[in-house]
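Q:
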Amino acid sequence: MNFPAELRYSQTHEWARRDGNRVRVGITEYAQHEISDVVYVELPKPNGAAEKGKGVAVVESVKAAFDIYAPVSGEVVLTNRELESNPALVNQDPYGRGWFFEIELKNPSEWETLLSAEQYQAQCTTTH
Amino acid sequence: MTTVVKRLPLHELHAKAGGHFGAFGDWEVPLYFTSILDEHEAVRTQAGIFDISHMGEFFVSGKAAKGFLDFLLPRKMERLQDGKALYAPLLNEEGGIVDDLIVYQLSPERFLLIVNAANIEKDFEFIRHHLPTGSVELENASERKSLFALQGPRSLEIAEALFRCDFKSLGYYHFLTLKTDWGELFCSRTGYTGEDGFEIMPDAPQAASLWEAIFSAGKAKGLKPIGFGARDTLRLEAGMLLYGQDMDDTTSPVEAGLAWAVDFDKKNFLGWPRVHEEKEKGPARKLVGFEMTERGIPRHGFQMEKAGKALGPVTSGGPAPTLKKNIGLGYVPAAEAKVGNELEIVIRNQKVKAKVVPLPFYKRKRS
Chain Z
113 MNFPAELRYS QTHEWARRDG NRVRVGITEY AQHEISDVVY VELPKPNGAA
163 EKGKGVAVVE SVKAAFDIYA PVSGEVVLTN RELESNPALV NQDPYGRGWF
213 FEIELKNPSE WETLLSAEQY QAQCTTTH
Chain S
7 MTTVVKRLPL HELHAKAGGH FGAFGDWEVP LYFTSILDEH EAVRTQAGIF
57 DISHMGEFFV SGKAAKGFLD FLLPRKMERL QDGKALYAPL LNEEGGIVDD
107 LIVYQLSPER FLLIVNAANI EKDFEFIRHH LPTGSVELEN ASERKSLFAL
157 QGPRSLEIAE ALFRCDFKSL GYYHFLTLKT DWGELFCSRT GYTGEDGFEI
207 MPDAPQAASL WEAIFSAGKA KGLKPIGFGA RDTLRLEAGM LLYGQDMDDT
257 TSPVEAGLAW AVDFDKKNFL GWPRVHEEKE KGPARKLVGF EMTERGIPRH
307 GFQMEKAGKA LGPVTSGGPA PTLKKNIGLG YVPAAEAKVG NELEIVIRNQ
357 KVKAKVVPLP FYKRKRS
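For the record, the sequence lines run as chains Z and S.
Each residue of the first sequence is one higher than the one before, counting from 113 in the numbering used here.
Each residue of the second sequence is one higher than the one before, counting from 7 in the numbering used here.
What follows is the structure in structure tokens.
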């Protein structure tokens with residue numbers, strides 16, 4: 113399973129990619145595998161506020177719905193509307209075209225609280 | 007509540023085949039092997055094999071057995087003959103649905119009932135309570151019987167290759183008893199997917215070797231093992247109800263859209279007064295099928311509304327992979343049950359539009 117080293121991770125299986133103060137968020141390969149077929153995605157409203165640890169999006173498999181939590185606080189500045197018509201991208205390309213939204217980072221110090229690839233991978237192997 | 011986790015006799019075999027397990031009532035069952043969508047597609051276009059050994063099997067025997075079943079079930083047992091099966095709701099005295107089952111006539115004095123897993127104990131007690139003394143025997147054979155469902159457009163050729171036997175003349179809701187390498191096998195043309203198919207009942211000790219043999223016979227014909235996830239999406243598309251979700255001890259068959267499985271001209275059966283009254287006057291509420299007309303997936307327990315007024319809960323809901331829509335079932339006041347009626351489903355505090363559609367959602371093209 114793939115855990116790209118340049119990304120940071122949350123304990124709730126989101127990944128975060130930072131470019132300046134812009135943080136792109138998606139769910140990890142491990143998470144999409146556990147969820148299995150993604151058939152529906154509900155994205156946050158653009159320009160809404162996201163708070164670290166709070167649910168901002170929803171991903172649904174055939175059987176159930178799962179919250180996607182903001183890994184950092186800030187304003188949601190962009191969402192991946194492509195997922196609305198093609199939710200299977202979350203399974204097919206979780207770190208690429210399957211991204212969910214971008215947040216303008218409010219407290220850069222929050223970035224440092226996220227897990228490294230190594231730490232996240234360790235979490236996945238102990239819980240599984 | 008104490009939960010006793012029960013497992014299918016072939017649990018280890020399913021685990022080795024890559025099964026992802028989850029809960030179904032008290033049972034831990036394979037939810038999927040590869041993915042629910044893949045397995046759903048396989049059953050619609052090729053074939054799938056389900057291990058449904060959790061289900062219950064009762065034998066009802068004796069000279070008075072048929073007369074007893076005529077009283078116990080709201081269908082005329084004169085419809086049955088050797089080799090013929092009937093779907094029927096099992097009703098309590100108040101006309102509520104204790105279970106839905108299939109009754110098979112093995113001989114004029116011996117019948118098989120296949121009942122839902124979650125209801126085995128309840129049904130057994132209920133039937134025993136009504137049993138006439140001495141003249142009818144009731145046996146719960148659930149532990150010594152396994153049950154597989156072979157479903158899909160290619161299930162006929164797979165069954166014929168496996169058993170070297172002609173099934174083309176076996177009609178829907180008919181069955182055969184075959185002498186095979188796995189002993190005497192009961193094999194019926196029934197299912198819970200909306201596709202052609204068979205349900206095959208080996209004795210438990212033969213189950214593993216039969217499962218492997220069905221696999222070998224079907225592998226080159228696209229056969230896949232199917233989990234309970236796809237079983238649910240397939241039955242929902244086919245407009246088939248799930249006991250405990252779409253109906254329970256308080257629901258009447260008229261409300262549930264099962265009036266076709268009641269012979270109203272027969273008066274002496276359990277639950278007759280209520281079902282007769284509802285048939286005459288119309289039920290207060292009715293089960294409807296609906297499809298979402300806006301984005302959103304309805305789920306069991308979500309509220310249905312119309313103009314701010316609650317109509318009732320969604321009893322089953324989810325994506326319909328073959329139809330590429332999101333669909334559901336639920337009870338609404340009879341006045342709101344018309345096809346085309348626009349409703350709203352409350353999904354995470356948002357009202358999302360839906361409309362009532364005819365059932366079943368999916369009907370296979372017959373060749």
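No residue lacks a Cβ here, since even glycine has one placed at the ideal position from N, Cα and C.
Determine the DSSP secondary structure at Z:Gln144, reduced to helix, strand or coil.
A: Z:Gln144: helix per DSSP, three-state reduction.
Q: Starting from S:Ala91, trace the beta strand (DSSP E) both ways and give me its first and last residue.
A: Segment Ala91 to Leu97, the beta strand (DSSP E) holding S:Ala91.
Q: From the DSSP output, in three-state form, read off S:Cys193 for me.
A: S:Cys193: strand per DSSP, three-state reduction.
Q: Given this structure, state the Cα-to-Cα distance separating S:Tyr249 from Z:Leu195, to the nearest angstrom.
A: One C-alpha to the other measures close to 35 Å.
Q: For Z:Arg134, which option in Z:Asp179, Z:Leu217, Z:Thr140 and Z:Glu126 has the closest C-alpha, if you only look at C-alpha atoms?
A: Nearest option by C-alpha distance: Z:Leu217.
Q: 9 Å is my cut-off, CB to CB: does Z:Ser148 come that close to chain S?
A: Chain S, which has a Cβ nearer than 9 Å to the Cβ of Z:Ser148, makes this yes.
Q: Residue range of the alpha helix (DSSP H) that S:Lys287 falls in?
A: Element bounds for S:Lys287: Trp278 to Lys287.
Q: Beta-carbon within less than 7 Å of S:Gln309's beta-carbon, same chain only, minus the 5 sequence neighbours each way: which residues are those?
A: Here the set comprises Ala316, Pro319 and Val352.
Q: Ends of the beta strand (DSSP E) at S:Asn4?
A: It is not possible to answer for residue 4 of chain S, since the shown part of chain S is limited to 7 through 373.
Q: In the DSSP output, which residue or residues are listed as bridge partners for S:Asp105?
A: S:Leu96.
Q: Going by beta-carbon coordinates alone, are S:Leu43 and S:Phe275 separated by less than 9 Å?
A: Contact: no.
Q: Counting Cβ pairs closer than 8 Å, one from the stretch 184-199 of chain Z and one from the stretch 155-164 of chain Z, do we hit at least three?
A: Contact holds: three or more Cβ-Cβ distances are below 8 Å.
Q: Scan the stretch 160-193 of chain Z for residues whose Cβ lies nearer than 9 Å to a Cβ of chain S and list them as they occur along the chain.
A: Against chain S - using a Cβ distance shorter than 9 Å - the residues of the stretch 160-193 of chain Z are Val170, Glu172, Ser173, Val174, Lys175, Ala176 and Ala177.
Q: Please classify Z:Gln144 as buried or exposed, where buried requires at least 16 other C-beta atoms within 10 Å of its C-beta.
A: Looking at its Cβ environment, which holds 16 or more other Cβ atoms inside 10 Å, Z:Gln144 is buried.
Q: Using a C-beta to C-beta distance shorter than 8 Å, which residues of chain Z count as neighbours of S:Gly324?
A: Correct list: Val174 and Lys175.
Q: Taking only runs of the beta strand (DSSP E) that begin and end inside the stretch 13-83 of chain S, which ones reach a length of at least 3 residues, in chain order?
A: Fully enclosed beta strand (DSSP E) runs of 3 or longer: 26-30, 33-38, 53-57 and 62-67.
Q: Please list the partners that S:Ile303 has in chain C, where partner means a Cβ-to-Cβ separation under 8 Å.
A: The chain inventory of the structure shown lacks chain C, comprising the protein chains Z and S.
Q: Return the chain-ordered list of same chain residues with a C-beta closer than 8 Å to the C-beta of S:Gly324, the five sequence neighbours on each side being excluded.
A: Excluding positions up to five away in sequence, the list reads Asp238, Thr239, Leu242, Ile303, Pro304, Arg305, Asn332, Ile333 and Gly334.
Q: Give the single residue among S:Asn355, S:Glu348, S:Arg372 and S:Arg354 whose Cα lies nearest to the Cα of S:Val362.
A: When each option's Cα is compared against that of S:Val362, the closest is S:Glu348.
Q: Would you kindly work out how many angstroms separate the C-alpha atoms of Z:Asp149 and Z:Ser173, rounded to a whole number?
A: Cα to Cα, the separation comes out at about 5 Å.
Q: Among S:Ser113, S:Ser258, S:Pro95 and S:Glu166, which residue has its Cα nearest to the Cα of S:Ile133?
A: For S:Ile133, the nearest C-alpha among the options comes from S:Pro95.
Q: Name the one or two DSSP bridge partners that S:Met310 has.
A: DSSP, once it has assigned bridges, lists S:Gly318 and S:Ile351 as partnering S:Met310.
Q: Does any residue of chain Z bring its CB to less than 9 Å from the CB of S:Gly263?
A: No, S:Gly263 does not count as interfacial toward chain Z.
Q: My parser needs the beta strand (DSSP E) runs of 3 or more residues fully inside the stretch 108-132 of chain S; what are they?
A: For the stretch 108-132 of chain S, whole beta strand (DSSP E) runs of length 3 or above, ordered along the chain, are 116-121.
Q: Which term fits S:Phe270, buried or exposed, when burial requires 16 or more other beta carbons within 10 angstroms of its beta carbon?
A: Result: exposed.
Q: Applying the 10 Å Cβ sphere with the 16-neighbour rule, what's the burial state of Z:Met113?
A: Exposed, since its Cβ has fewer than 16 Cβ neighbours within 10 Å.
Q: Below 9 Å between beta carbons: does that hold for S:Tyr179 and S:Ile103?
A: Cβ atoms of S:Tyr179 and S:Ile103: not closer than 9 Å.
Q: Please state whether DSSP places S:His180 in a helix, a strand or coil.
A: S:His180 falls in the strand class under three-state DSSP.
Q: Mind checking S:Trp266: buried by the 16 CB within 10 Å criterion, or exposed?
A: Exposed: under 16 other Cβ atoms inside 10 Å.
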